[in-house]
Structures are given as C-alpha cells and as structure tokens.
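Residue numbers (my numbering): 122 to 439.
Ideal placement from N, C-alpha and C gives every residue a C-beta, glycine not left out.
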Amino acid sequence: MMKLDWDIKTCRELLSEYTPAEQKGTKLHFTGVDGLDVYNITAPFWNDGELYIAGRVEARDSEDSEVIFFVRNGEVWEPKEDLTPFQLQDPFITKLDDELIFGGVEIYRNQEPDHKIIGWRTLLYRGKTIHDFEYAVTGPWNMKDIRLNEMADGNIAVFSRPFGVEGAIALIGFGIFESFQNLSESNIISAPVFKDQFDKNEWGGANEIHLLNNGLLGILGHIAYRDEHKILHYHAMSFVLNPWTREKSELKIIAVRNDFPEGPTKRPDLVDVIFSGGLTREANDRAILYVGASDVESYCIDIPDPFVEYEQIILTKH
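Dropping the structure here:
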C-alpha cells in the first residue's frame with residue numbers, strides 16, 4: 122500500500138514487525154590499509170570493467186577518515202593504487218545519464234586546543250569514470266545523507282536530511298530538479314520534507330536510491346534513536362516513493378546489527394549500529410545489502426528484495 126500520510130511508528134514498533142535474517146551476514150575483508158578500519162561502504166559498482174567498493178577508512182580512536190576505492194582480489198578487497206583518497210566520510214555513488222556522481226561528508230573542527238567536530242557538509246563530485254572526478258557542489262551546513270538518482274522521465278530525484286524541522290531531530294526531504302546542474306545548497310534546503318516517518322525522538326535518512334522498472338523509487342535508508350542508557354540504535358530500512366504524487370509505502374526495517382556476527386565496536390554506545398551503504402538487486406526476488414557495523418567493520422547479507430512487490434504496481438502516467 123502507498124499513501125501520502127502514515128501514522129508514525131516508533132523504531133521499537135517497527136522492530137516488533139521485523140523478521141530476523143535466516144542466515145548471518147558475511148564479513149568483507151580489506152587489505153593495504155595498515156590496520157585501519159574500513160566501514161560504511163558503498164555497494165559494489167563497475168568502473169572501466171573493474172568492480173569497485175568505496176569505503177570509509179580510519180583509525181579506531183579517530184573520526185579523521187579517508188574514502189578509499191577498493192578493487193576485489195580473490196576473497197579480499199585492496200586499494201586501487203592509482204586513485205587518490207578523498208578526505209571524506211561515508212561515501213556514496215550513483216549514475217546520472219553517462220556520468221558517475223560521487224559524494225561524502227566533510228567534517229569541520231574548531232581551533233586549538235580540543236579540535237572538536239563542530240559541523241559537516243556533503244561534497245559531490247562528477248566524472249565519466251572515478252579516475253576523473255571533479256568537484257561539483259557542496260550541500261547545506263550540517264546536512265548528511267544527500268542522495269540522488271535519475272527518474273524515469275529524465276528529471277533528477279534528490280533526497281535531503283535537514284535537522285530541526287518543526288522540532289524533529291532529522292527528517293527526509295525530497296525534491297525534483299530538471300538536471301544535476303540545477304542542484305545547489307539553497308534548493309537542497311528547500312526540498313519539502315516527509316513529516317510522517319519518524320517519531321520526534323528518532324531520526325533517519327536515505328542512503329541509496331533505486332529506480333524501479335515502473336518508475337517508482339526504492340529508497341534504502343536508516344532509522345535511528347538513542348535509548349535511555351545513551352546507547353545508539355541504527356537499523357537499515359526501506360520504503361518506496363511515487364515521485365510524482367509523493368505517495369509512499371510505510372517504512373520497513375530490513376536488517377539489524379544482530380543479523381551479523383558479533384564484532385568490535387568503535388565506542389560502547391555503537392554496539393547496535395549498522396549503516397546502510399548500498400544494495401544490489403539479484404535474481405529470485407533477493408538482494409545483497411552492504412553495511413558498516415559498529416563504526417568498525419563491513420558486511421554483506423542476503424535479504425528479500427524490499428522493492429520487488431512495488432514493482433508490480435502499474436502507474437497510470439508519469
């Protein structure tokens with residue numbers, strides 16, 4: 122079912138409807154990073170005939186990270202040595218027409234003595250291949266999770282995640298633009314938000330956008346909250362959107378940290394965190410979900426395709 126407005130369900134309510142994965146996810150192994158952690162990866166993507174993953178790489182006790190592009194070598198992923206790392210966090214990538222669009226989060230720190238993080242912005246790059254990315258646009262201050270994809274009619278769908286709208290922690294915004302050239306800080310800010318997805322004490326964002334065969338958009342994202350013990354809970358979720366009417370499906374949790382093997386955590390409060398990096402749609406109504414876990418490791422897991430049921434909907438026009 123798709124409609125304009127839903128009754129908000131809390132994360133705990135959505136979890137009560139979730140069926141755990143039949144089998145635990147599989148850890149991805151990375152080499153050539155001098156013992157640093159690799160997490161919050163993209164789904165694998167093709168570039169010039171090679172399969173790549175982009176990942177966030179950093180020391181266990183730091184948030185000063187690089188995004189490195191890895192290629193597969195047998196059972197491990199190793200850095201592509203001719204590519205310069207980007208000083209960013211949480212990479213994402215999509216294709217618009219014949220160009221790749223790459224992005225990540227740049228952090229800002231205050232001056233001496235503590236160098237605390239005071240904010241961040243999303244930077245977007247474009248290029249025919251990942252070897253010729255050029256800077257394109259910067260998103261609004263303190264906004265992560267800007268995601269985009271081409272629509273069936275050739276327009277560009279853009280998802281945002283503004284903070285503090287009408288008392289909410291963070292909501293998902295959505296706008297339509299004629300081209301990537303029209304994207305700017307001001308019109309990303311102006312994208313209307315969905316107010317019926319997150320409880321006032323919870324938040325979420327879009328992580329990857331899929332164009333479905335019927336023109337609907339499948340959104341891979343996350344939903345999160347911090348409990349009374351200050352423990353952070355981040356789960357993978359999905360929904361489907363009709364971009365022309367703004368009708369959408371209800372949020373659905375599609376993976377949680379317990380679906381993956383136990384492992385180390387960057388901080389004690391991150392023990393129940395997965396970050397949806399990307400998803401590849403496979404045969405037999407299945408999908409492979411790629412996640413970062415507890416800000417340390419990367420995994421993939423075989424799950425039911427969360428979008429396939431909505432691909433059967435016949436749209437009257439678009």
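Indicate the three-state DSSP secondary structure (helix, strand or coil) for residue i in the structure shown.
i    : result
E202 : coil
I162 : coil
R177 : strand
V286 : helix
Q210 : strand
P425 : strand
H331 : strand
F315 : coil
D253 : helix
R388 : coil
L337 : coil
F360 : strand
L244 : strand
R133 : helix
I228 : strand
N270 : strand
Y431 : helix
I309 : helix
N194 : strand
D393 : strand
N303 : helix
R407 : strand
R378 : helix
At a cut-off of 6 angstroms, is residue i close to the ligand MG when judged by its beta-carbon and the heavy atoms of the ligand?
i    : result
R388 : No copy of the ligand MG occurs in the structure displayed, which carries no ligand at all.
Drop a sphere of 10 angstroms on the beta-carbon of residue i, count the other beta-carbons inside from all chains shown, and report buried for 16 or more, exposed for fewer.
i    : result
E187 : buried
W198 : buried
T243 : buried
N334 : exposed
M272 : buried
Q144 : exposed
G260 : buried
S397 : buried
S359 : buried
T215 : buried
G399 : buried
E329 : buried
L436 : exposed
Y411 : buried
K387 : buried
I309 : buried
P364 : buried
E403 : exposed
E179 : buried
R181 : exposed
R378 : buried
Taking a contact to mean a Cβ-Cβ separation below 7 angstroms, would you say residue i touches residue j in this structure?
i    : j    : result
L304 : L353 : no
N270 : L337 : no
W127 : E430 : no
N276 : G240 : no
L209 : V192 : no
H81  : G325 : There is no way to answer for residue 81, as the model of the chain reaches only from 122 to 439.
D266 : A327 : yes
I422 : G146 : yes
F280 : Y246 : no
L204 : F213 : no
Y346 : E323 : yes
N168 : I290 : no
P339 : V361 : Reading off the sequence, residue 339 comes out as Gly, not Pro. Contact: yes.
L217 : G248 : no
P200 : G153 : yes
P119 : V417 : Residue numbering for the chain in the displayed model covers 122 to 439; residue 119 lies beyond these limits and cannot be assessed.
D219 : R177 : no
A142 : D380 : yes
D348 : I129 : no
Assuming the contact rule is C-beta atoms closer than 8 angstroms, residue i and residue j should be a hit. Round their C-beta distance to whole Å, please.
i    : j    : result
R282 : G294 : 7 angstroms
S415 : V159 : The Cβ separation is near 13 angstroms, so there is no contact.
N434 : I375 : Rather than Asn, the amino acid found at residue 434 in this sequence is Ile. At roughly 19 angstroms, the Cβ-Cβ gap does not stay under 8 angstroms, so I434 and I375 are not in contact.
L157 : P165 : About 20 angstroms separates the two Cβ atoms, so there is no contact after all.
I162 : G413 : 6 angstroms
F319 : L341 : The Cβ separation is near 16 angstroms, so there is no contact.
E368 : L125 : 6 angstroms
K148 : P382 : 7 angstroms
Would the region 123-137 count as touching the region 381-401 if we require 3 or more Cβ pairs under 8 angstroms? no
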